[in-house]
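For the sequence shown, the positions run 1 to 59 when full-length UniProt numbering is used.
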Amino acid sequence: MGVTIGRGETATVAFDIPVADCTIVDADANRIVEPGEFELLIGHSSRRTDLKRATFTVA
1 MGVTIGRGET
11 ATVAFDIPVA
21 DCTIVDADAN
31 RIVEPGEFEL
41 LIGHSSRRTD
51 LKRATFTVA
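1. DSSP state of Ala13, grouped into three classes?
2. Assuming Gly36 is part of the beta strand (DSSP E), what are its boundary residues?
3. Got a sec, what are the start and stop residues for the beta strand (DSSP E) Thr23 sits in?
4. Just the Cα atoms here: how many angstroms apart are Arg31 and Ala11?
5. How about Phe15 and Glu37: do their beta carbons lie closer than 9 Å?
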């Protein structure tokens with residue numbers, strides 16, 4: 001899925017992130033969901049200066 005935005009244009013998008021996708025791996029190699037704050041990074045490359053950030057909380 002993608003959103004194409006022309007140069008100089010802005011858009012608001014919304015999407016759901018399933019809690020099951022917010023897992024970490026514990027010491028026993030089990031995937032678990034831990035409550036806490038997560039950071040979502042969005043951009044056209046992995047360079048930190050290119051990324052927009054948003055945080056969300058899993059309770």
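Where a beta carbon is used, it is the ideal one built from N, C-alpha and C, also for glycine.
This is what the structure gives:
1. The sequence given here places Val at residue 13; Ala does not occur at that position. Coil.
2. 36-42
3. 23-25
4. Distance from the CA atom of Arg31 to the CA atom of Ala11, rounded to whole angstroms, is 34 Å.
5. With a cutoff of 9 Å on beta-carbon distance, Phe15 and Glu37 are scored as not near each other.
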